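Colleague: Dropping the structure in here first, questions after.
Protein chains: 2
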Amino acid sequence: MDITEFRKRGKEMVDYVADYLETIEQRQVYPDVEPGYLRSLIPEEAPDEPEAYEDVIQDIERVIMPGVTHWHSPFFFAYFPTASSFPAMLADMLCGAIGCIGFSWAASPACTELETVMLDWLGKMLRLPKDFLAGTEGQGGGVIQGTASEATLVALLAARSRIVKQIQAHDPQRSEVEIISKLVAYSSDQFCATLGTTPSCAFDRITELGPICNAEGMWMHIDAAYAGSAFICPEFRPLLDGVEFADSFNFNPHKWLLVNFDCSTMWVKRRADIIGAFKMDPLYLKHDHQESGLVTDYRHWQIPLGRRFRSLKLWFVFRMYGLRGLQAYIRKHVGLAKEFERLVRNDERFEICADVVLGLVCFRLKGSNELNELLLRRINGARRVHLVPCQLAGAFVLRFAVCSRTTESRHAQEAWRHISELASELLRGQKR
Amino acid sequence: MDITEFRKRGKEMVDYVADYLETIEQRQVYPDVEPGYLRSLIPEEAPDEPEAYEDVIQDIERVIMPGVTHWHSPFFFAYFPTASSFPAMLADMLCGAIGCIGFSWAASPACTELETVMLDWLGKMLRLPKDFLAGTEGQGGGVIQGTASEATLVALLAARSRIVKQIQAHDPQRSEVEIISKLVAYSSDQFCATLGTTPSCAFDRITELGPICNAEGMWMHIDAAYAGSAFICPEFRPLLDGVEFADSFNFNPHKWLLVNFDCSTMWVKRRADIIGAFKMDPLYLKHDHQESGLVTDYRHWQIPLGRRFRSLKLWFVFRMYGLRGLQAYIRKHVGLAKEFERLVRNDERFEICADVVLGLVCFRLKGSNELNELLLRRINGARRVHLVPCQLAGAFVLRFAVCSRTTESRHAQEAWRHISELASELLRGQKR
Chain A
83 MDITEFRKRG KEMVDYVADY LETIEQRQVY PDVEPGYLRS LIPEEAPDEP EAYEDVIQDI
143 ERVIMPGVTH WHSPFFFAYF PTASSFPAML ADMLCGAIGC IGFSWAASPA CTELETVMLD
203 WLGKMLRLPK DFLAGTEGQG GGVIQGTASE ATLVALLAAR SRIVKQIQAH DPQRSEVEII
263 SKLVAYSSDQ FCATLGTTPS CAFDRITELG PICNAEGMWM HIDAAYAGSA FICPEFRPLL
323 DGVEFADSFN FNPHKWLLVN FDCSTMWVKR RADIIGAFKM DPLYLKHDHQ ESGLVTDYRH
383 WQIPLGRRFR SLKLWFVFRM YGLRGLQAYI RKHVGLAKEF ERLVRNDERF EICADVVLGL
443 VCFRLKGSNE LNELLLRRIN GARRVHLVPC QLAGAFVLRF AVCSRTTESR HAQEAWRHIS
503 ELASELLRGQ KR
Chain B
83 MDITEFRKRG KEMVDYVADY LETIEQRQVY PDVEPGYLRS LIPEEAPDEP EAYEDVIQDI
143 ERVIMPGVTH WHSPFFFAYF PTASSFPAML ADMLCGAIGC IGFSWAASPA CTELETVMLD
203 WLGKMLRLPK DFLAGTEGQG GGVIQGTASE ATLVALLAAR SRIVKQIQAH DPQRSEVEII
263 SKLVAYSSDQ FCATLGTTPS CAFDRITELG PICNAEGMWM HIDAAYAGSA FICPEFRPLL
323 DGVEFADSFN FNPHKWLLVN FDCSTMWVKR RADIIGAFKM DPLYLKHDHQ ESGLVTDYRH
383 WQIPLGRRFR SLKLWFVFRM YGLRGLQAYI RKHVGLAKEF ERLVRNDERF EICADVVLGL
443 VCFRLKGSNE LNELLLRRIN GARRVHLVPC QLAGAFVLRF AVCSRTTESR HAQEAWRHIS
503 ELASELLRGQ KR
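Written out as structure tokens, the structure reads:
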């Protein structure tokens, strides 16, 4: 494919993407396929010779779409949202074209510098303590990780490295293995200090945990993967109080801040802590500026060596929405969750199982776990909406998470009408 | 931005991307900016209100491009290639639009199933032993990791988990910590068994290492991050001989197989080994098919929970190039490296420092390390081509890696003429 054909095919793809998202509501949100469906639809080996582009494109509807769970359908209420917006998609196209690998400042200065400044912008939007910002003279700063799991692992390794060094500074005889064998990581059953757990969007009390961690010299990492985006709204910011005690903090703009996956933003108070755990400096990655202290080499901040130019997505989204646009988006989703909560509360057959703080409603039919498992099976079997369950204190609970950028009141209302009808059918069947 | 505007802006972006790549040769390959250049070019905070799209787009040339190292310029010969092709970029647009998160089969069956089948396709292209393929009944199979570092870490953790279980099966009293404290990982100074090291593209002798690993019950992981793509050519496939002894193998199609970053493909012989190290099964991720043994839940194969629909890139590239097109691409790059090698060898002031096996030429001026450091400084200072050095047995060596998809003979020739002139200037200066 030459550049001329790419111009044509690229524009066709823009239209395909726009058509897909414009009509996604008409697609069945959860697919009908059985395991192994795809293998039989395509050849067993790659072709020897190039195929026609038209054949590839036709196979999207023939092979791929029948097996897609449509996360951006307004009837998708499962898991948590994964973000999507047009500005982020445009930025991703640019990111693919520049195609630089930003493992060091020199490998593409713009890639590193925009990331540092965007993490400062975002930190300010969240009103993070100044310690977490890079600025021009700060000791802290932010980095984009792929996922919250990676951010947590990085925090864990940085914490381990710091404490081993501290202990060895006092007692150089003690081996790393012996020290590590005695280290303890404290966590709840959702791991580390969490703001907005996945099952029920519950919040740890970090204003209580924080001072203990600080007094005991423990590394405190706070994960707000889903909830973090909401903290750009002043009314939700108190949920983040206590972050001043933390050593590291992360959340996922790729969940709820309109930045397409992957973009998990992480801040540390002392960048030396994180760099100390990961530093690697072969000659082929050295460059003139690295000893100056002026530049950031992000390969020292993460597990992978390579990294894409992901801050472009943040930049486009922040500028095309503005802080107010992003706040309005969060508030709309929270409003839809509250609306759904009211519908549930007005039906005395149901109960709400956890405070509805943000965009997640945990609910169930009053009655046995089996009854609720059956209800969920019927809901997902009907394929009109898609939900997943969680377990809360032994109870089987249904989760209604407002996910899609295009979910409106009518979708929440229709989802409730549908769920409520299925519940009626189910309860009628049980009475017989 | 609504859908109508996205159609317009998306098409403009396709043209911007095409223009950028069409004229990239005219851009200075390595930027002039100093550390901190970007912060002063943009505001200190995100805007409150949305900005005009035109302003964002204008800032690409004003803010971003002056700080970009152009990895896809045909005059970029640094590090190793990072892949880029039009079919991969089109697939990435589609990936962004579908925007599913493929942590389980149910989260988007097409995402999981295409990945498994594409890794089988690619495994067959490499003639991997059948043990590494999933097929419909295999015990092995492949997965896309983000980078080779992640693949290596996953292999290490899987190896550790397997041996701990084996030891505890014989001796249940021994604690995990005690066992781990006695474990040893063997590696060269480039780590694990490597086919195609970064400094010089050297190859470990895996036909010798493999039988020892197997006899001693050691996990053998082979990393062929850069070189792996070449093994689709029969003439380079012998370099992979011995892979039959390995437990896991990975390479990066995002380096040299025209698939944009990130796409690091990894295969294991026994998927149970890898799943055993990472399994996590909260209720909200459970689905009907997971106990059937028929489906793959890729979250058990990796550090992150979330994952994009990256196999679309492989599918588009394999079909739009065909195996022969991909082989021709590899051979073209190797041919260019050989051509550059001949130019170096014909100049008696220079020496070749390592066998030129694939697309990398390691060379230096006969003489001191200081002389070569000076030469490299002048080369990169002139900004017409970009190279990085490496250290080989104490010698400071220049690396000429054929990187861009659009590098042709004339670029290699022009690069050599330029380097050779700078060497002449330098040597004249030294004689004075």
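For the protein sequence lines, the chains are A and B, in the order given.
Mapping to our numbering: the first sequence position 73 is 155, numbers consecutive.
Mapping to our numbering: the second sequence position 309 is 391, numbers consecutive.
Beta carbons: idealized from backbone N, C-alpha and C, even for Gly.
Note that the structure is predicted; figures quoted are calculated from it, not measured.
1. What residue range does the beta strand (DSSP E) around Phe303/A cover?
2. For Lys247/A, which residues from the same chain have a beta carbon less than 6 Å from its beta carbon, with the 5 sequence-adjacent residues on both sides left out?
3. Assuming contact is defined by CB atoms lying nearer than 8 Å, are Gly228/B and Leu215/B in contact in what I supplied?
4. Kindly indicate which residue of Glu104/A, Phe445/A, Leu265/A and Phe318/A has the alpha-carbon position closest to the one of Met300/A.
5. Can you have a look at Met362/A and say buried or exposed, based on whether 16 or more other CB atoms are within 10 angstroms of its CB?
6. In the DSSP assignment, find the alpha helix (DSSP H) that holds Arg427/B and state where it starts and stops.
7. Residues of chain B with a CB under 7 Å from the CB of Cys472/A: which are they?
8. Is Asp213/A close to chain B, meaning its C-beta is less than 8 Å from at least one C-beta of that chain?
9. Can you give me the C-alpha to C-alpha distance between Asn296/B and Asn332/B, rounded to a whole angstrom?
10. Can you check DSSP and say which residues form a bridge with His468/B?
11. Using a Cβ-Cβ cutoff of less than 7 Å, which residues in the same chain neighbour Met200/B once the five nearest sequence positions on both sides are dropped?
12. What span of residues does the beta strand (DSSP E) with Trp349/B cover, start to end?
13. Quick one: what does DSSP say Phe318/B is sitting in, helix, strand or coil?
14. Does any C-beta atom of chain A lie closer than 8 Å to the C-beta of Ala267/B?
15. Which same chain residues end up closer than 6 Å to Ala188/B when comparing Cβ atoms and leaving out the 5 residues on each side of it in sequence?
16. Is it right to say Thr289/B is buried, meaning 16 or more other beta carbons lie within 10 angstroms of its own, or is it exposed?
17. If you draw a straight line from the C-alpha of Asp379/A to the C-alpha of Phe185/A, how long is it?
18. Grab the span of the alpha helix (DSSP H) containing Gln248/B for me, first residue to last.
19. Could you tell me which chain A residues have their CB closer than 8 Å to the CB of Lys351/B, listed as they occur along the chain?
20. Taking the alpha-carbon positions, what's the Ile249/B to Arg242/B distance?
21. When the Cα atoms are used, what is the spatial distance from Gln409/B to Arg499/A?
22. Please classify Glu513/B as buried or exposed, where buried requires at least 16 neighbouring CB atoms within 10 angstroms.
23. Checking contacts by CB at 8 Å: is Tyr102/B closer than that to chain A?
24. State the Cα-Cα distance for the pair Asp329/A and Phe159/B, rounded to the nearest angstrom.
25. Short of 8 Å in beta carbon distance, which residues of its chain neighbour His371/A, apart from the five on each side in sequence? Order them along the chain.
26. Look at the alpha carbon of Met171/B and the alpha carbon of Met175/A, and state the distance between them as a whole number of angstroms.
27. Could you tell me the alpha carbon to alpha carbon distance between Val438/A and Thr276/B, rounded to whole angstroms?
28. Interface residues of chain B around Arg89/A at Cβ under 7 Å?
29. Quick check on the burial criterion: 16 or more other C-beta atoms within 10 angstroms. Buried or exposed for Gly149/B?
30. Does any C-beta atom of chain A lie closer than 8 Å to the C-beta of Pro129/B?
31. Note down the Cα distance separating Arg209/B from Gly310/B, rounded to an integer number of angstroms.
32. Applying the 10 Å Cβ sphere with the 16-neighbour rule, what's the burial state of Gln108/A?
33. So what's Glu452/A in DSSP terms, helix, strand or just coil?
34. In chain A, which residues lie with their C-beta within 9 Å of the C-beta of Gly404/B?
35. By alpha-carbon positions, which one of Val470/A, Ile461/A, Phe432/A and Cys472/A ends up nearest to Glu496/A?
36. From Thr280/B to Pro281/A, what does the alpha carbon distance come to, in whole angstroms?
Modeller: Reading from the atomic positions:
1. Note that residue 303/A is His in the sequence shown, not Phe. That run of the beta strand (DSSP E) goes His303 to Asp305.
2. Here the set comprises nothing.
3. Annotated as distal: Gly228/B and Leu215/B, with beta-carbon spacing of 8 Å or more.
4. Residue nearest to Met300/A within the set Glu104/A, Phe445/A, Leu265/A and Phe318/A is Leu265/A (criterion: CA-CA distance).
5. Met362/A should be labelled exposed.
6. Residues Ser393 to Arg427.
7. Near Cys472/A (Cβ distances below 7 Å), the residues of chain B are Leu365 and Tyr366.
8. With 8 Å as the cut-off, Asp213/A does not count as an interface residue toward chain B.
9. Straight-line Cα distance between these residues: approximately 18 Å.
10. Answer by DSSP bridge pairing, in chain order: Phe158/B.
11. Cβ neighbours of Met200/B beyond the five flanking positions: Ser393, Leu396 and Trp397.
12. Residues Ser346 to Val350.
13. In the structure shown, Phe318/B adopts coil according to DSSP, grouped into three states.
14. Chain A contact via Cβ: absent.
15. Within the same chain, His369 come within 6 Å of Ala188/B by CB-CB distance, once the 5 residues on both sides are set aside.
16. With fewer than 16 Cβ atoms within 10 Å of its Cβ, Thr289/B is classed as exposed.
17. Roughly 6 Å separates the two Cα atoms.
18. Taken as a continuous stretch (DSSP letters only), the alpha helix (DSSP H) holding Gln248/B covers Ala230 to His252.
19. Those within 8 Å of Lys351/B in chain A number zero; the least Cβ separation is about 20 Å.
20. For Ile249/B and Arg242/B, the distance between alpha carbons rounds to 11 Å.
21. Looking at the two C-alpha atoms, the distance is approximately 57 Å.
22. First, the amino acid is wrong: residue 513/B is Lys here, not Glu. Taking every protein chain shown into account, the CB of Lys513/B has fewer than 16 other CB atoms within 10 angstroms, so this residue is exposed.
23. It does: the Cβ of Tyr102/B has a partner Cβ on chain A nearer than 8 Å.
24. Each residue's Cα considered, the two are about 40 Å apart.
25. Trp187, Ala188 and Val377.
26. The straight-line gap separating the alpha-carbon atoms of Met171/B and Met175/A is approximately 7 Å.
27. Cα to Cα, Val438/A sits roughly 52 Å from Thr276/B.
28. Contacts between Arg89/A and chain B, judged by CB atoms closer than 7 Å, involve Val96, Asp97 and Ala100 in chain order.
29. Counting the other CB atoms within 10 Å of its CB gives Gly149/B a total of 16 or more, which places it among the buried residues.
30. For Pro129/B, the answer is yes, since a Cβ of chain A falls inside 8 Å of its Cβ.
31. About 12 Å.
32. Here Gln108/A is exposed: its Cβ has fewer than 16 other Cβ atoms, across all protein chains shown, within 10 Å.
33. DSSP places Glu452/A in helix when its eight states are reduced to three.
34. Near Gly404/B (Cβ distances below 9 Å), the residues of chain A are Ala128, Pro129, Asp130, Glu131, Pro132 and Glu133.
35. When Val470/A, Ile461/A, Phe432/A and Cys472/A are compared, the shortest CA-CA separation from Glu496/A is found for Ile461/A.
36. Looking at the two C-alpha atoms, the distance is approximately 44 Å.
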